[in-house]
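Colleague:
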Amino acid sequence: MDTTQRTDQQRSADRRRRELLEAADRVVLRDGPQASMNAIAAEAGITKPILYRHFGDKGGLYAALAKRHTDALLDSLRAALDAPADRRERVEATLDTYLAAIELRPQVYRFLMHPAEGAPSGDAGFDTGKHSVPLLRRMGEELAQVIEDRLDLGPGGQQLARVWGHGIVGMMHAAGDWWLGERPCSRAELVRSLADLLWGRLAAAGDKVGGPGF
27 MDTTQRTDQQ
37 RSADRRRREL
47 LEAADRVVLR
57 DGPQASMNAI
67 AAEAGITKPI
77 LYRHFGDKGG
87 LYAALAKRHT
97 DALLDSLRAA
107 LDAPADRRER
117 VEATLDTYLA
127 AIELRPQVYR
137 FLMHPAEGAP
147 SGDAGFDTGK
157 HSVPLLRRMG
167 EELAQVIEDR
177 LDLGPGGQQL
187 ARVWGHGIVG
197 MMHAAGDWWL
207 GERPCSRAEL
217 VRSLADLLWG
227 RLAAAGDKVG
237 GPGF
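In this note's numbering, the protein residues as written are 27 to 240.
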């Protein structure tokens, strides 16, 4: 098989994979944590064995969907952190970006973070709890790297950046989950309250010399 043929086959496989993920997204937007492999296969117009052939199992499909949505969310968070504004405004914009994302697609959020209940017999829902921790860990490490690159935290700065990164992500996740379920206040009120909680040491830290600034 020559290189051109292999490249064409890879492009075709990548395109088919994207189409299947888009079909899965439509089911998740409709069914949330109740999304099943049967429903996703039906939406894509294929049989379940073919779906397994592309993703291996439910865990493989979940991981692909999680990466798709987490990549998009991280791109949005980076854009908020890079916006031309003062530090407090960027902190609030970053918090708001996360909350706006889960508010816009609550079924996707619940699919990624909450195990299904009452799934159809014979086609249980995705084992979400098994996979959600790595998503939060990834976000925590990404934010830790941003903090380390931008702030002068002095001796032990790398470890402190990781503490802050994972702590902030944990706070956003827990507060956002509670807020999405109960809606006790407006999104803007929640953003201000969370920013107030973060603001002490974060406000006092100087920008790292030669870094992009925070």
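For every residue, glycine included, the Cβ atom is placed at its ideal position computed from N, Cα and C.
Bear in mind the structure is a predicted one, so any value in this text is a computation, not a measurement.
1) If you draw a straight line from the alpha carbon of A89 to that of E45, how long is it in whole angstroms?
2) What number of angstroms, rounded off, separates the C-alpha of W204 from the C-alpha of A221?
3) Check this for me: beta carbons of R176 and P238, under 8 Å apart or not?
4) Can you give the beta carbon distance from E115 to V217, rounded, assuming they're within the 8 Å contact cut?
5) Starting from P132, trace the alpha helix (DSSP H) both ways and give me its first and last residue.
6) Once you ignore the five residues that flank L47 on each side, which residues in its own chain have a CB closer than 7 Å to its CB?
7) Do you know offhand how far L130's Cα is from V54's?
8) So for G232, helix, strand or coil by DSSP?
9) What three-state label does DSSP hand D178 in the structure shown?
10) I need the straight-line Cα distance from A67 to D122, nearest angstrom please.
11) Since L138 contacts H199 with CB under 8 Å, what's their CB separation in whole angstroms?
12) May I ask you to report which of helix, strand or coil DSSP gives P238?
13) Taking 8 Å as the cut-off, decide whether the C-beta atoms of A70 and A49 are in contact.
14) Could you have a look at R209 and say whether DSSP puts it in helix, strand or coil?
15) Cα separation between G226 and D178?
16) Are G166 and H140 closer than 8 Å when you measure CB to CB?
17) Just to confirm, are L125 and G202 a CB contact at a threshold of 8 Å?
18) In whole angstroms, what separates the C-alpha of A229 from that of L206?
19) Check each candidate in P181, D51 and I194 and name the one with the smallest Cα separation from V172.
20) If contacts are defined as beta-carbon pairs under 8 Å, then T120 and L107 qualify, I think. What distance do you get, rounded to the angstrom?
21) Looking at the C-beta of R227, does it have a partner C-beta in chain C at a distance below 8 Å?
Modeller: According to the structure shown:
1) 16 Å
2) 17 Å
3) It is a contact, given that the beta carbons lie within the stated cut-off.
4) That pair is no contact at about 11 Å.
5) Where P132 is concerned, the enclosing alpha helix (DSSP H) stretches over P132 to M139.
6) In its chain, beyond the 5 residues on either side, A90, L91 and R94 have a beta carbon closer than 7 Å to the beta carbon of L47.
7) 13 Å
8) strand
9) strand
10) 35 Å
11) That pair is no contact at about 11 Å.
12) coil
13) yes
14) coil
15) 15 Å
16) In this structure, G166 lies away from H140, with their beta-carbon atoms at least 8 Å apart.
17) yes
18) 28 Å
19) That would be I194, whose Cα lies nearest to the Cα of V172.
20) 6 Å
21) No chain C appears in the structure shown, which is made up of a single protein chain.
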